[in-house]
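Peer 1:
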Amino acid sequence: MTGSGGPVATFSVWDYVVFAGLILFAAGIGLFQAIRGRKDTSSNEFLLGGRQMTAVPVALSLTASFMSGITVIGTPAEAYLYGTPYWLFVFSYSIMSAISAEIFVPLFYRLGITSTYEYLEMRFNKLIRIIGTCMYIAQTVLYTGMVIYAPALALNQITGLDLWGVLVATGVVCIIYCTLGGLKAVIWTDVFQMIIMLAGFVAVIARGSVLQGGLGRIWNDSYHGGRLETFSFDPDPLRRHSFWTIVVGGSLMWASMYSINQSQVQRYISCKTLTHAKLSLYVNMVGLWVTVSLAMLSGLTMYSIYKDCDPFTNKDVGATDQLLPYLVMDILADFPGLPGLFVAAAYSGTLSTVSSSINALVAVTVEDFMKPAWPWLTERQLSWVNMGMSVFYGAVCIGMAGIASLMGNILQAALSIFGMISGPLLGLYLLGIFFRYVNSIGGLVGLISGLVITLWVGIGAQLYPPLPEKTLRLPLSVEGCISWDMNQTTTVTPFSTVTTPNPRTALTDSWYSLSYLYFCPVGILVTMITGLIVSAISGGCKQEKLQPELFIRMSDLLCFGCSRANTEKSKSDLIEKEPNPIQGLDSPVFYDNEIALKEKDLEKITRF
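In my numbering, the protein residues as written are 2 to 609.
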């Protein structure tokens with residue numbers, strides 16, 4: 002009986018058919034792109050789609066690449082356990098989109114780079130570029146391992162699918178269409194997978210609404226269960242989720258993901274014009290709003306059904322990340338194929354993230370390590386290198402999946418990884434873009450200082466989890482459960498969080514209890530303050546050696562058409578004039594004179 006506990010159904014034949022059919026169709030998109038683009042095997046085509054992508058597919062791909070299986074499974078569980086404060090991330094997505102579109106997109110697009118970390122060598126030196134690339138590779142491999150492992154574990158225990166079989170299959174499918182189709186295959190597959198993810202949420206909400214007697218009943222149950230207390234303006238930085246931790250900390254954390262993360266930057270610089278690149282981020286913002294709202298509503302639907310019989314407390318599932326798959330098998334088993342659709346949604350989220358990560362890892366490895374080391378490689382040789390690296394990183398990410406089992410709450414752990422590593426990197430980029438006098442010594446010392454501090458607090462928080470009064474997990478009940486085992490009691494027991502190690506000190510209850518969303522702002526501040534001080538002490542940077550294209554311009558901000566309204570004119574100019582090696586389609590060569598005059602005003606602001 003739905004909502005009363007006990008075992009649930011497993012996959013039917015039709016579920017396997019739907020699941021396998023959708024996944025094979027996704028892989029087929031990669032093969033189609035490989036066949037269609039077989040005449041152009043250049044590295045630029047493989048890694049950037051020939052820089053001919055348009056805004057909408059890129060936007061959906063941007064959304065899908067971080068709306069992973071962790072999001073599909075973890076975000077509804079977040080709403081079920083903690084309520085709707087997580088929905089406040091819609092504000093973070095808006096701020097993140099503005100920062101990325103108005104500051105970083107024009108910069109990277111103008112420079113015409115393939116690897117985000119090329120900028121670090123242009124602005125600072127080769128050593129900082131290599132360190133930045135290595136930090137990205139470590140972060141992405143660890144995150145991707147978590148993305149593969151977590152949904153596979155949940156789906157294995159609920160559907161009976163073999164755990165390591167799912168892990169290996171995920172890697173193999175991603176390797177196939179990344180290796181053969183490159184970025185175009187990844188983007189168009191992400192578009193399809195995004196549709197599948199949203200369809201999975203809608204199926205859960207629709208069926209749950211029918212069972213509960215409408216969305217009004219779900220909303221009412223959530224209200225009385227304390228799940229709708231969204232806005233908390235408590236300024237305490239130790240509070241896990243509040244308006245300030247999410248809007249301030251969350252905005253900067255997501256900005257670090259979208260502004261400088263190779264997986265995302267590689268997508269929007271693949272657009273055919275700067276306008277398409279900026280527009281893709283704003284369309285992506287709407288996609289993120291829709292996705293997180295549907296995920297939250299799925300979690301509230303789950304609470305309405307299980308408010309009197311929590312499957313986790315009742316030991317029907319072994320981990321909170323298995324709650325949504327359990328719900329799916331509980332309420333959708335009577336509709337052959339629908340559980341398969343949901344599992345395909347979670348699996349699609351995993352595929353989109355893994356494929357994005359593999360393609361981005363290949364890009365930074367080839368651009369930052371292989372091309373400088375072996376500049377004589379031909380385009381054909383590079384295409385084989387790209388394919389070989391896709392296979393290598395696919396295997397590495399599958400291998401790293403085992404480490405993810407030690408990370409606890411997958412949604413929080415995934416975001417913590419980005420905060421710890423991307424925070425200092427974003428601080429370094431902000432130093433380079435806005436402060437002309439910051440030199441390589443200041444940048445290097447700032448980056449290392451920021452990384453040390455964020456790793457300290459992040460690892461400490463993993464070893465000494467915050468106390469329950471800071472995480473504020475909401476109460477759950479098993480009073481309505483039917484006892485399936487005569488030896489099993491149905492008394493309500495206090496819901497316990499992760500066991501707290503002893504003894505706890507003032508450090509563990511303050512510094513290590515800092516909200517995980519503040520890891521990124523801490524990294525940014527430490528990196529920037531240290532970099533500015535060290536640069537001032539070491540004599541600053543000789544400005545005449547710096548290219549003006551490496552800094553933000555007045556004309557970059559809120560200006561969709563500054564690079565030239567008509568793309569055709571820009572392309573014809575490219576034929577007549579050979580651009581500077583560090584300039585892209587929207588380089589200053591093609592800017593109007595009056596725009597160049599505005600930049601003089603900016604120099605007065607940015608000169609420190």
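Even glycine gets a Cβ: it sits at the ideal position worked out from N, Cα and C.
(1) I'd like the list of long-range same chain contacts for S223, defined as Cβ closer than 7 Å, with 5 residues on each side in sequence excluded.
(2) Between which residues of its own chain and L515 is the CB-CB distance below 8 Å, once the five residues before and five after are set aside?
(3) Quick check: the stretch 196-207 against the stretch 333-342, are at least 3 beta-carbon pairs closer than 8 Å?
(4) DSSP three-state label for C272, please.
(5) Would you tell me roughly how many angstroms separate the C-alpha atoms of I131 and S116, rounded to the nearest one?
(6) D222 lies in the alpha helix (DSSP H); which residues open and close that run?
(7) Would a C-beta distance cut-off of 7 Å place G424 and T455 closer than the cut-off?
(8) If you run the structure through DSSP and keep just helix, strand and coil, what is I626?
(9) Let's test the definition: count the other Cβ atoms within 10 Å of the Cβ of I197 and tell me whether it reaches 16, buried, or not, exposed.
(10) Over what stretch of residues does the alpha helix (DSSP H) that includes R124 continue unbroken?
(11) Under 7 Å, do I525 and G428 count as touching if we go by C-beta distance?
(12) Is W385 helix, strand or coil by DSSP?
(13) Which value, in whole angstroms, describes the spacing of the CA atoms of H225 and E480?
(14) By the three-class DSSP mapping on this structure, what secondary structure does I261 have?
(15) According to DSSP, is V9 part of a helix, a strand, or is it coil?
(16) Please go through the same chain and pick out, in chain order, the residues whose beta-carbon is closer than 6 Å to the beta-carbon of F232, but skip the five residues on each side of it.
(17) Tell me whether the beta-carbon of G113 lies closer than 7 Å to the beta-carbon of L518.
(18) If we require 4 or more residues per run, which alpha helix (DSSP H) segments fall completely within the stretch 291-368?
(19) Report yes if the C-beta distance between L475 and G84 is below 7 Å; otherwise report no.
(20) My output table needs one value for E230: the three-state DSSP class, helix, strand or coil.
(21) Does the distance from the C-beta atom of V527 to that of I442 stay below 7 Å?
(22) If you check the beta carbons only, do G161 and T321 fall under 7 Å apart?
(23) Count the other CB atoms within 10 Å of the CB of L464; is the residue buried (16 or more) or exposed (fewer)?
(24) Once DSSP output is grouped into helix, strand and coil, what is the label at P495?
(25) Can T314 and M195 be called in contact, C-beta distance under 7 Å?
(26) For a test of the three-state rule: what should DSSP assign to V479, helix, strand or coil?
Peer 2: Result, derived from the coordinates:
(1) L229, L301, Y304 and S305
(2) P238, L239, V458, A462 and V523
(3) yes
(4) strand
(5) 11 Å
(6) L216 to H225
(7) yes
(8) This structure gives no information on residue 626, because the portion of the chain shown stretches from 2 to 609.
(9) buried
(10) E119 to R124
(11) yes
(12) helix
(13) 16 Å
(14) coil
(15) coil
(16) F244
(17) no
(18) 324-332 and 339-366
(19) yes
(20) coil
(21) no
(22) no
(23) exposed
(24) Confidence at P495 is low in this model, with a pLDDT of 35, below 50, so the placement of that residue should be treated as unreliable; the coordinate-derived value is given next. Correct three-state label for P495: coil.
(25) no
(26) coil
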